[in-house]
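Here is the structure:
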């Protein structure tokens with residue numbers, strides 16, 4: 024089962040993708056995780072990706088496509104995968120379609136987690152992250168026991184550059200311009216499924232499972 028997760032940054036598609044991967048025993052392939060790993064390791068690709076992410080811009084197609092296609096060609100993806108953060112543009116979607124068609128395969132579902140912009144801004148600007156151990160919190164939904172301090176390692180928490188309100192707004196503007204057309208693209212292919220991402224995340228997952236069977 025090959026699944027694409029769609030939705031604005033902060034809509035919760037990553038959380039849902041992880042749960043889908045666990046339930047159906049297929050890899051969760053996140054471009055964000057791949058980029059963050061490269062950033063943490065200080066690779067040239069990571070630094071280049073970071074320069075775009077810090078401005079709220081999307082990483083260019085040529086960087087994203089190469090790393091993604093290499094990943095889904097690995098053995099653990101033979102029975103399917105959940106793509107999270109790719110494709111983000113119509114050209115990326117076309118490259119992906121071409122790649123899976125060459126393998127005599129197809130994408131089974133494109134699931135759109137739908138959340139209004141104002142909900143996303145509120146969600147993301149409340150995020151806090153620990154730069155030492157990678158733990159993440161939310162000042163309302165998942166607060167640390169001590170304000171501003173990581174429960175796991177005791178280090179100070181920060182607002183990541185890509186969670187700052189002005190960056191979130193820039194990312195949403197970019198999303199509506201470049202990524203939202205994918206909803207029409209996959210709808211025309213007959214594989215788009217939409218879920219209400221404003222619900223409790225367990226209810227959102229239940230809705231997705233009802234779709235996937």
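In our numbering, the protein residues as written are 24 to 236. We put the CB at the ideal spot given by N, CA and C, even for glycine.
Tell me where the beta strand (DSSP E) around residue 135 begins and ends. If you number the chain shown from 1, residue 135 lands on position 112. Here the beta strand (DSSP E) through residue 135 covers 132-137.
Beta bridge counterpart(s) of residue 199 as assigned by DSSP: Start at 1 with the first residue of the chain shown, and residue 199 comes out as number 176. Its beta-bridge partners do not exist; DSSP assigns none.
Leaving out five residues on either side along the sequence, give the residues of the same chain with a beta carbon under 7 Å from the beta carbon of residue 198. If you number the chain shown from 1, residue 198 lands on position 175. Non-local beta-carbon contacts of residue 198 in its own chain, meaning distances under 7 Å to residues more than five positions away in sequence, involve 31 and 32 in chain order.
Based on Cα-Cα distance, which residue from 235, 185 and 129 lies nearest to residue 217? Here residue 217 refers to the residue found at position 194 of the chain shown. The shortest C-alpha to C-alpha distance from residue 217 to any of 235, 185 and 129 is the one to 235.
Between which two residues does the beta strand (DSSP E) holding residue 127 run? On the chain shown, residue 127 is found 104 positions in, with the first residue counted as 1. Under the DSSP assignment, residue 127 falls outside any beta strand (DSSP E); it carries neither an H nor an E label.
Bridge partners of residue 107, per DSSP? Translated into positions along the chain shown, residue 107 becomes position 84. Under DSSP, residue 107 forms a beta bridge with 28 and 53.
Which of the three DSSP states is assigned to residue 222 in this structure? On the chain shown, residue 222 is found 199 positions in, with the first residue counted as 1. In the three-state reduction of the DSSP assignment, residue 222 falls in the coil class, being assigned neither a helical nor a strand state.
Secondary structure, alpha helix (DSSP H): runs of 4+ residues fully inside the segment 137-198: Fully enclosed alpha helix (DSSP H) runs of 4 or longer: 140-148 and 188-197.
Less than 9 Å separating the beta-carbons of residue 40 and residue 107? On the chain shown, position 17 is the one that residue 40 refers to. On the chain shown, position 84 is the one that residue 107 refers to. Closer than 9 Å, so yes.
For residue 217, which beta-bridge partners are listed by DSSP? Numbered from 1 along the chain shown, position 194 holds the residue referred to as residue 217. DSSP links residue 217 through a beta bridge to 135.
Cβ of residue 29 within 9 Å of Cβ of residue 202? Residue 29 sits at position 6 when you count from the first residue of the chain shown. Residue 202 sits at position 179 when you count from the first residue of the chain shown. Against a cut-off of 9 Å, the Cβ pair of residue 202 and residue 29 comes out as a contact.
Can you list, in chain order, the stretches of the alpha helix (DSSP H) that have 4 or more residues and sit fully within the segment 58-113? The DSSP assignment places complete alpha helix (DSSP H) segments of no fewer than 4 residues inside the segment 58-113 at 67-76 and 84-95, in order along the chain.
Could you check whether residue 219 and residue 230 sit closer than 9 Å to each other, using their CB atoms as the reference points? In the chain shown, counting from the first residue as 1, residue 230 sits at position 207. In the chain shown, counting from the first residue as 1, residue 219 sits at position 196. Going by C-beta atoms, residue 230 is nearer than 9 Å to residue 219.
Less than 9 Å between the C-beta atoms of residue 193 and residue 42, yes or no? The residue given as residue 193 occupies position 170 in the chain shown. The residue given as residue 42 occupies position 19 in the chain shown. Cβ distance not < 9 Å, so residue 193 and residue 42 don't count as in contact.
Could you give the distance in angstroms between the alpha-carbon of residue 83 and the alpha-carbon of residue 111? Counting from one through the chain shown, the residue named residue 83 turns up at place 60. Counting from one through the chain shown, the residue named residue 111 turns up at place 88. Looking at the two C-alpha atoms, the distance is approximately 10 Å.
With a threshold of 8 Å, are at least 3 pairs of Cβ atoms found where one atom belongs to the segment 125-133 and the other to the segment 47-63? The segment 47-63 and the segment 125-133 do not touch, with fewer than three beta-carbon pairs separated by less than 8 Å.
Going by CA-CA distance only, name the one from 70, 134 and 158 that's closest to residue 227. One-based indexing of the chain shown puts residue 227 at position 204. Answer by Cα proximity: 134.
Is residue 44 helix, strand or coil by DSSP? Locating residue 44 in the chain shown gives position 21, where the first residue counts as 1. Residue 44 falls in the helix class under three-state DSSP.
Could you spell out where the alpha helix (DSSP H) holding residue 211 opens and where it closes? Residue mapping note: residue 211 aligns to position 188 of the chain shown, counting from 1. First-last of the alpha helix (DSSP H) with residue 211: 204-212.
Mind reading off the beta-carbon distance from residue 195 to residue 143? Whole number of angstroms is fine, and I expect it under 8 Å. Locating residue 195 in the chain shown gives position 172, counting from the first residue. Locating residue 143 in the chain shown gives position 120, counting from the first residue. Indeed they touch by this definition, with Cβ atoms about 7 Å apart.
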